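Below is one structure, written out as structure tokens, with a few remarks after it.
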Amino acid sequence: MSEKEDRKLVTKEVAELAGMKPPSWRARVARGDAPKPDGHHDQRTPWWLESTVLEFIAGRKPPGRPRKGSSGS
247 MSEKEDRKLV
257 TKEVAELAGM
267 KPPSWRARVA
277 RGDAPKPDGH
287 HDQRTPWWLE
297 STVLEFIAGR
307 KPPGRPRKGS
317 SGS
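Its first residue numbered 247, the sequence shown is counted upward by one per residue in the working numbering.
As structure tokens, then:
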């Protein structure tokens, strides 16, 4: 057996892998904050290669607001 084949993932699968809900993933893609689809199964069903999604996840900042610096004692 050769290298593992790069799977084509649809929105629901990509969102789950990225730890978010499908509407959040679609919004990120629309804003340009997530990669554009690598292709489409038909006119309405986008897909991403698993490697594309894993690269995005590895390079993104953790969710949430940045912590304030401590000004304490």
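Ideal Cβ placement from N, Cα and C applies to all residues, glycine included.
Just so it is clear, the structure is predicted and the values come from calculations on it, not from any experiment.
{"Item": "Per-residue DSSP class, three states only, for Lys258", "Value": "helix"}
{"Item": "8 Å contact criterion, which Ala276 and Val299 should meet: CB distance rounded", "Value": "16 Å between Cβ atoms; not a contact."}
{"Item": "Per-residue DSSP class, three states only, for Pro268", "Value": "helix"}
{"Item": "Reduced DSSP secondary structure (H/G/I, E/B, other) of Gly305", "Value": "helix"}
{"Item": "Member of Gly305, Trp271, Lys314 and Asp284 whose CA lies at the smallest distance from the CA of Lys258", "Value": "Trp271"}
{"Item": "Other residues of its chain near Val260: CB distance less than 7 Å, five sequence neighbours each side excluded", "Value": "Trp271, Trp294 and Val299"}
{"Item": "Nearest residue (CA-CA) to Arg290, options Val256, Glu251, Glu301 and Lys250", "Value": "Val256"}
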